[in-house]
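Chains as they are written, first to last, in UniProt numbering: chain G, 1 to 464; chain X, 1 to 464; chain B, 1 to 464; chain F, 1 to 464.
Think of the CB as a built atom: it goes at the ideal place given N, C-alpha and C, for glycine as much as any other residue.
Below is one structure, written out as structure tokens, with a few remarks after it.
Protein chains: 4
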Amino acid sequence: MDQYINPLKSRYASKAMLYIFSPKFKYTTWRKLWYNLALVQKELGIDISNNQLNNLSKHIEDIDFELVEKYEAKFKHEVMAHLYAYADLAGDDARKILHLGVTSAYLMDNTDLIQIKEALLLIESKLIKLIKTLREFSIKHKDLATLAYTHLQEAQLTTLGKRSSLWLQSLIFDFQELKFIMSNMCFRGVKGTIGNQNSFKELFASNFEKAKALDINLAKKMGFDKVYKMTSQTYDRKFDSSILNFLSNLAQSAHKITNDIRFMQHLKELEEHFAEHQIGSSAMPYKKNPIYSERVASLAKFTMSLQSSGGFIAATQWLERTLDDSACKRLNIPQAFLATDAALILLDKIFNNIRVNKKIIENHVKTEMPFILTEDILMKATKNGGDRQILHEKIRIYSMQVRENLYSGATENGLIKLILNDKSFRLTSKDIDEILNPNENIGFASYQVEDFIKEIIDPILKNK
Amino acid sequence: MDQYINPLKSRYASKAMLYIFSPKFKYTTWRKLWYNLALVQKELGIDISNNQLNNLSKHIEDIDFELVEKYEAKFKHEVMAHLYAYADLAGDDARKILHLGVTSAYLMDNTDLIQIKEALLLIESKLIKLIKTLREFSIKHKDLATLAYTHLQEAQLTTLGKRSSLWLQSLIFDFQELKFIMSNMCFRGVKGTIGNQNSFKELFASNFEKAKALDINLAKKMGFDKVYKMTSQTYDRKFDSSILNFLSNLAQSAHKITNDIRFMQHLKELEEHFAEHQIGSSAMPYKKNPIYSERVASLAKFTMSLQSSGGFIAATQWLERTLDDSACKRLNIPQAFLATDAALILLDKIFNNIRVNKKIIENHVKTEMPFILTEDILMKATKNGGDRQILHEKIRIYSMQVRENLYSGATENGLIKLILNDKSFRLTSKDIDEILNPNENIGFASYQVEDFIKEIIDPILKNK
Amino acid sequence: MDQYINPLKSRYASKAMLYIFSPKFKYTTWRKLWYNLALVQKELGIDISNNQLNNLSKHIEDIDFELVEKYEAKFKHEVMAHLYAYADLAGDDARKILHLGVTSAYLMDNTDLIQIKEALLLIESKLIKLIKTLREFSIKHKDLATLAYTHLQEAQLTTLGKRSSLWLQSLIFDFQELKFIMSNMCFRGVKGTIGNQNSFKELFASNFEKAKALDINLAKKMGFDKVYKMTSQTYDRKFDSSILNFLSNLAQSAHKITNDIRFMQHLKELEEHFAEHQIGSSAMPYKKNPIYSERVASLAKFTMSLQSSGGFIAATQWLERTLDDSACKRLNIPQAFLATDAALILLDKIFNNIRVNKKIIENHVKTEMPFILTEDILMKATKNGGDRQILHEKIRIYSMQVRENLYSGATENGLIKLILNDKSFRLTSKDIDEILNPNENIGFASYQVEDFIKEIIDPILKNK
Amino acid sequence: MDQYINPLKSRYASKAMLYIFSPKFKYTTWRKLWYNLALVQKELGIDISNNQLNNLSKHIEDIDFELVEKYEAKFKHEVMAHLYAYADLAGDDARKILHLGVTSAYLMDNTDLIQIKEALLLIESKLIKLIKTLREFSIKHKDLATLAYTHLQEAQLTTLGKRSSLWLQSLIFDFQELKFIMSNMCFRGVKGTIGNQNSFKELFASNFEKAKALDINLAKKMGFDKVYKMTSQTYDRKFDSSILNFLSNLAQSAHKITNDIRFMQHLKELEEHFAEHQIGSSAMPYKKNPIYSERVASLAKFTMSLQSSGGFIAATQWLERTLDDSACKRLNIPQAFLATDAALILLDKIFNNIRVNKKIIENHVKTEMPFILTEDILMKATKNGGDRQILHEKIRIYSMQVRENLYSGATENGLIKLILNDKSFRLTSKDIDEILNPNENIGFASYQVEDFIKEIIDPILKNK
């Protein structure tokens with residue numbers, strides 16, 4: 001309790017995501033990389049015995065972290081420390097072929113990529129889940145007329161399901177980017193100190209095909225289809241930058257969605273679930289604050305801010321590699337994933353418990369309808385032969401007058417009366433009655449939701 | 001001369017890119033959108049005459065900007081101003097059907113997308129050109145041994161063509177992202193005030209298929225294959241954010257590449273072209289400064305900084321749209337494209353005139369070779385039966401000693417002697433001679449370059 | 001019309017700010033720097049004639065920009081081009097002593113500082129004006145009870161003047177930072193190629209006091225009190241970074257303030273001025289959109305995004321200077337000032353025409369009062385001997401119940417009844433009546449406003 | 001080992017800084033705030049007994065974190081959980097007056113400010129220490145001639161002490177900003193739910209002077225001189241933004257300084273200390289990599305990226321407060337301080353063990369001198385009556401020629417010969433010999449260092 005506790009760890013993120021970026025995951029991956037290196041080298045004809053392989057294989061999980069720490073204090077070199085600790089377990093025979101022809105970047109860079117891949121898969125599954133939840137929500141509320149807002153001013157009618165489909169559209173953007181990243185993702189492979197596979201020229205007697213085989217075969221053993229053909233000591237840090245872009249983009253969606261929820265909760269139209277004993281405010285117990293949405297927005301701001309560090313690193317790597325990426329990479333990539341994980345957990349929680357106050361939504365619609373239907377009135381009037389631009393100007397002036405009256409205390413919206421009395425609109429009471437029907441005034445919102453889900457969402461969810 | 005002049009305009013960007021973001025391009029596109037709207041509406045059965053269409057069609061190019069200005073002073077509304085000015089030309093008959101069922105966002109958002117698409121195409125062609133240039137450069141220098149640097153310290157040998165292939169790899173990242181964006185790009189379409197195609201429900205007698213047809217047919221007339229099925233008043237601002245991400249990513253590549261060039265020019269290994277009368281410095285005329293590379297790095301910093309504005313806008317759009325995107329969008333998107341355009345022009349200029357000082361490169365290699373071949377010595381010694389970890393420690397200590405001597409004035413690198421004299425290395429003079437051959441010490445660099453170009457670059461360039 | 005037009009120039013910024021960053025201002029400043037250099041050199045004993053000085057002095061304003069362009073095409077060096085053009089006017093005699101001992105950075109860096117200083121002064125005067133306007137606004141509305149919002153949920157009462165004082169507090173932060181920057185601002189001075197005053201050692205026969213005198217005397221002639229004692233070729237780019245920080249900070253205030261206004265305009269409590277013929281929306285003429293506030297928020301996002309470029313430049317300047325600052329500096333500093341200038345113009349416009357709808361504000365207060373006064377009820381009950389924690393829990397439960405009822409269609413807020421009926425609150429009707437008085441429920445808001453203006457604002461405005 | 005471990009905690013930051021942001025520090029501060037609240041309330045006449053105070057006072061340190069956790073699981077409200085746990089210890093008598101009139105923000109916001117203040121003090125002491133170290137370094141090397149670099153090209157001579165004084169100048173910028181922030185820093189104070197001191201109007205019978213006294217007296221008890229006169233529920237988040245600006249600015253200095261060191265280590269002129277058993281690279285044992293400098297640069301990138309989150313939060317706080325600051329504040333502020341703390345520890349380590357390779361520096365100077373002294377040659381020639389512009393052009397052409405020769409294998413720099421042979425330079429061998437003296441070519445570098453330390457640095461360090 002006497003040190004900083006990162007709240008992503010103590011409060012917000014899932015155990016699964018925390019594990020991916022844990023020492024345990026990282027260093028067992030190193031051992032898997034060492035073991036599989038030897039295995040593939042043996043397959044390609046290097047003189048490595050089954051006994052050596054077995055001795056490596058059986059000590060993948062049993063890391064003695066205290067011993068590692070001692071070695072690191074001595075060498076001030078993380079890889080050397082783990083190498084010695086592993087070799088101590090695997091024995092002197094295995095020690096001879098351990099780390100053969102490779103350098104730190106083989107372990108570090110490939111492990112980073114493996115962690116990122118696992119983290120992306122976890123994000124993908126949560127994103128799919130959220131998309132499914134919002135799909136249900138959108139279908140359920142596709143016909144529920146509600147006030148739309150532009151400039152935060154009432155503007156025509158939409159439906160709640162249409163609005164939530166807009167959030168879905170944002171998430172589809174993110175999902176497509178995720179698939180793009182994953183389908184292009186490569187293993188860094190085993191390419192030596194500066195990426196030229198120098199040491200393998202020696203080991204494989206100048207046989208480039210063998211060096212390539214080592215690279216791709218090892219990638220496959222570690223779960224990758226492809227390997228970068230071109231690396232320096234490291235894979236291009238542009239990849240990390242693209243990961244932070246993706247996570248920032250997803251954070252932008254989360255920020256936008258929860259801003260909308262916070263606004264609707266202000267209108268009392270929507271409400272986050274409120275636990276029985278939950279205390280909204282120590283001083284104002286009546287309040288129902290959208291605290292999960294606010295937390296999502298807060299985490300999103302953090303994730304978005306990390307984005308620039310990815311670009312800064314990629315842009316300032318010098319020649320075959322400089323180490324001014326390392327400390328920052330240990331902070332920005334894991335925390336951007338943890339914060340995104342936390343945001344997705346919260347969004348799921350919000351939508352699984354959200355309350356829709358239909359009566360309030362209906363009341364809001366009814367009160368504002370005369371105002372927001374001026375476009376329809378205009379359309380009808382134009383259809384009846386009126387001049388659009390002239391009537392547009394008239395309706396603008398009438399609206400202003402009515403508004404003034406309301407501000408001065410009038411309790412009734414007199415707009416309809418003014419229009420009926422103005423013959424240039426060529427409108428009858430019957431025309432107006434037809435116009436003032438909420439179901440008639442949501443445009444094709446419901447159809448759009450159905451069409452969108454059928455054509456865009458469902459193909460994505462198929463087989464998920 | 002008494003107002004700020006944006007140097008992207010006066011100094012750096014191409015006329016072609018400046019035109020895409022010009023008033024001329026923008027407002028003729030508006031007129032095309034108005035004309036094609038009427039055209040497709042007619043095709044779908046709306047009562048619009050050929051005469052009305054013709055009157056719109058023939059006034060697409062002849063914008064009277066002074067008249068527009070007058071209307072804008074009056075209405076304080078950009079679209080209204082252009083609408084009136086266009087209608088004045090097209091006549092009262094056409095005026096009646098102009099802008100039928102649409103709102104400002106139809107013009108603004110679709111035009112933004114059209115500008116972005118044109119700008120992406122221009123960037124693509126310049127990027128392809130740069131990739132071709134770097135492909136030639138890489139092939140030409142694929143065997144030219146040069147010192148590699150990690151931590152900005154000499155580290156083994158690479159080849160110049162291998163290094164430039166790393167730059168190619170960065171650009172391939174960007175190219176793939178560009179293709180991804182373009183293949184997913186959609187038209188915003190014609191969907192009314194809040195995206196529900198409200199006005200078209202009326203116009204098309206509740207026929208959703210007709211509203212969809214209007215949307216997609218219009219998109220095709222304006223050069224798009226697809227249309228967003230789900231929009232609010234606007235297309236999702238996440239798209240703009242993704243554009244700024246892409247341009248930032250490309251800027252990161254440009255920054256990294258030119259940093260490398262600047263460092264190589266420091267070593268005198270590479271040199272930007274120097275015009276006959278060019279003055280490097282008013283005070284230090286002997287200097288050859290890599291000013292184009294520096295300018296690219298400078299423009300890249302600007303482009304990278306704009307990235308955050310895209311995310312900020314997307315994250316803070318409220319409900320069906322707020323206008324706090326507009327002024328920023330007029331600044332960040334065009335300028336990010338202009339700065340990228342300028343950077344690509346400069347990179348092309350740099351690589352088409354770059355000078356490679358082979359003798360200097362060779363000298364550097366020769367001087368440092370004994371040091372940088374310690375890994376090979378280690379490999380050979382290990383192969384001859386030595387213990388890798390013990391010898392690694394010894395070679396480290398010897399290297400330190402030799403380095404100390406050199407710092408104290410020694411003129412010869414005594415490392416080889418020390419190693420030959422230490423029997424635990426099990427190495428002969430012949431072993432060492434074999435090791436100290438530059439061509440033997442570039443690993444598979446040349447093969448990698450060939451393989452990379454054949455398998456990755458050439459398929460991309462095919463048909464370009 | 002066939003090139004990109006920067007809207008800061010064509011639409012948003014003032015002529016005064018555009019002039020500060022114009023070629024005219026910049027290059028006449030160069031000539032002033034050249035002239036004053038010679039003048040101070042003469043004062044310090046260098047052999048320069050009055051005739052030479054006069055020839056320089058009389059050609060400060062008459063820049064032949066076409067001639068400059070020709071020279072720049074030839075030399076590809078901006079300073080050389082202007083030097084030749086100036087010398088052509090000043091004659092061969094003056095030419096000999098022109099630019100004596102200095103380098104490009106003398107002109108460029110000092111001019112940048114002079115432009116920044118002028119721009120800061122312009123911002124200061126506009127900021128002072130805005131502070132005065134908000135001071136009046138705060139005093140005028142210091143007693144006007146209005147709903148406060150936390151989490152965007154109704155939360156107790158505040159006053160409009162108190163809320164606007166919060167905006168003032170933000171601007172005071174910015175004002176203090178501005179004063180801090182200006183009081184620490186130094187001239188870069190005249191220090192030669194790498195800042196060591198090399199050439200002046202020769203000119204002044206190794207007399208350091210003379211070199212120092214040249215530096216400070218020249219600074220004073222150019223309007224600065226102080227000169228950096230320590231520069232490389234340039235002044236530390238951290239200064240530029242601090243300017244962008246300041247402008248970003250001010251943008252943050254502007255964004256926060258206008259977000260608040262946009263929210264209040266949503267509530268119809270405040271309203272931006274709406275010109276007679278202004279069109280809010282082509283499709284929804286009744287709407288009154290807070291477009292100036294939205295524009296301020298939009299410009300603020302742009303300014304904030306530029307901030308990172310300042311830090312990136314400062315962090316990546318290598319050794320005595322690299323030129324990867326230049327192109328970016330020509331874009332980020334001027335545009336950050338222009339966007340800030342535009343935002344201040346708009347804020348002034350907003351507050352000079354803002355409409356306060358008191359009746360609406362009062363209605364909102366009346367409707368929500370029973371809910372928001374639960375803390376006061378709690379205080380009174382505690383004072384009457386109740387247990388705070390127990391009653392807090394009870395009031396929470398009652399509030400939830402009442403809220404449920406309201407959502408189910410109840411038209412009256414039953415909270416007060418429930419509390420009066422619960423004896424553990426120990427409250428009488430009289431107690432409640434005392435509590436339900438708006439003027440009694442704004443806390444010390446009015447006093448705070450008075451105190452704040454007297455103690456903090458007025459001392460700042462004194463002598464302004 | 002199965003969760004993410006933040007390396008700032010496990011590897012980089014000091015115990016002292018980690019403690020400031022620990023739960024222990026935070027929650028004992030809450031109790032101090034509760035206790036002192038009661039104490040000052042009593043002093044101002046509220047009926048609070050000594051016994052109640054004593055019961056609060058003696059349980060400040062003994063936090064039962066398990067109990068707190070239980071309450072938090074129940075209430076889902078951090079403050080309530082700690083309130084109950086504290087009251088359980090302090091007893092029912094004290095419970096009645098605990099948290100009297102205050103809300104969560106009283107604890108949270110004031111504690112944030114207290115943590116920031118303590119963290120700033122810790123940074124200040126480390127910054128002072130670093131300034132002292134660099135002061136010594138600068139004095140020691142003020143006369144050591146070394147090549148200056150502009151555009152990363154050799155450019156005249158400077159001294160090592162002059163270069164390190166440039167770093168000092170950067171740090172002085174940061175130090176001044178730190179002092180500015182600290183001198184303006186205020187306590188948030190005790191102002192109730194929305195900042196209007198509502199509850200204290202009741203408690204103090206409408207006596208504003210008493211409410212003000214409570215505010216300022218409490219501030220003083222908690223170590224602050226001033227209190228914000230104007231707050232909403234929270235202090236203005238612009239303050240946090242200014243903290244992140246400061247830490248980013250300091251990171252920019254650290255990045256710039258260590259970039260310079262990395263370049264100099266590349267030149268072998270400077271060298272970070274290398275521990276006896278330290279392993280530079282598992283594959284390239286001879287290398288001496290500037291890994292501490294690289295780590296500083298890496299941490300700096302992280303800190304700089306966090307800056308934007310501060311601005312984003314401040315700009316998007318709505319009305320009297322929204323909670324979308326909280327989660328982000330728990331991540332960005334502590335980590336920016338921890339990363340800065342780590343960078344200062346590393347910088348101190350670097351400079352306390354840095355090795356200056358004087359012989360190498362001297363060799364570099366000797367080799368490049370003929371080239372870099374062209375300005376001096378030009379000055380002398382001008383003094384002897386030559387035309388500056390003509391000779392400038394000539395020397396440029398000669399330099400290019402000589403450079404070409406060197407690139408083609410020439411081993412001697414022929415520039416001086418060419419100049420002596422060209423009579424228009426009017427220079428003798430004796431002139432040239434005078435020019436080619438390193439000590440004569442460092443300008444006033446040494447004087448500047450002395451002057452700067454005496455006039456700028458020492459006054460700052462006085463009494464430190």
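A straight-line Cα-Cα distance of about 40 Å links R355/X and F302/B. Cβ contact annotation for T258/X (same chain, cutoff 6 Å, sequence separation greater than five): S293, V296 and A297, in chain order.
Selection M17/B, Q401/B and F263/B evaluated against Q115/B yields M17/B as nearest (Cα-Cα). Separation of the CB atoms of F187/G and K140/G is rounded to 43 Å, and the pair is thereby denied contact status at 8 Å.
By the C-beta density criterion, S446/F is buried, having at least 16 other C-beta atoms within 10 angstroms. The Cβ of N357/X sits no closer than 8 Å to any Cβ of chain G. Sequence-distant partners of S199/B (beyond 5 residues in either direction) whose C-beta falls short of 7 Å from its own C-beta, in its chain, are G101 and G192. Separation of the CB atoms of L147/G and E368/G is rounded to 6 Å, and the pair is thereby assigned contact status at 8 Å. Chain B places a beta carbon closer than 8 Å to that of Y447/F, counting this residue as a contact. In chain order, R426 place their CB closer than 8 Å to the CB of G385/X, counting only its own chain and leaving out the 5 sequence neighbours on each side.
C-alpha of E362/G to C-alpha of N437/G: approximately 12 Å in a straight line. At a cut-off of 4 residues, the continuous stretches assigned as alpha helix (DSSP H) that sit fully inside the region 246-321 of chain F are 291-315. L157/F sits in a strand when the DSSP states are folded into three classes. Beta-bridge pairing by DSSP links F187/F to V227/F. Residue burial is scored here from C-beta neighbours: R135/X has at least 16 other C-beta atoms within 10 angstroms and is therefore classed as buried.
DSSP, reduced to helix, strand and coil, places V40/X within a helical segment of the structure shown. By the neighbour-count criterion, in which 16 or more other beta carbons inside 10 Å mark a residue as buried, T159/B falls on the buried side. In the DSSP assignment, T150/X falls within the beta strand (DSSP E) that extends over A145 to T150.
Identification of chain X residues near R188/G by a Cβ-Cβ cut-off of 7 Å yields none; the smallest Cβ-Cβ distance measures about 12 Å.
In the three-state scheme derived from DSSP, where H, G and I count as helix and E and B as strand, V102/G is classed as coil. At least one beta carbon of chain X lies nearer than 8 Å to the beta carbon of W318/G.
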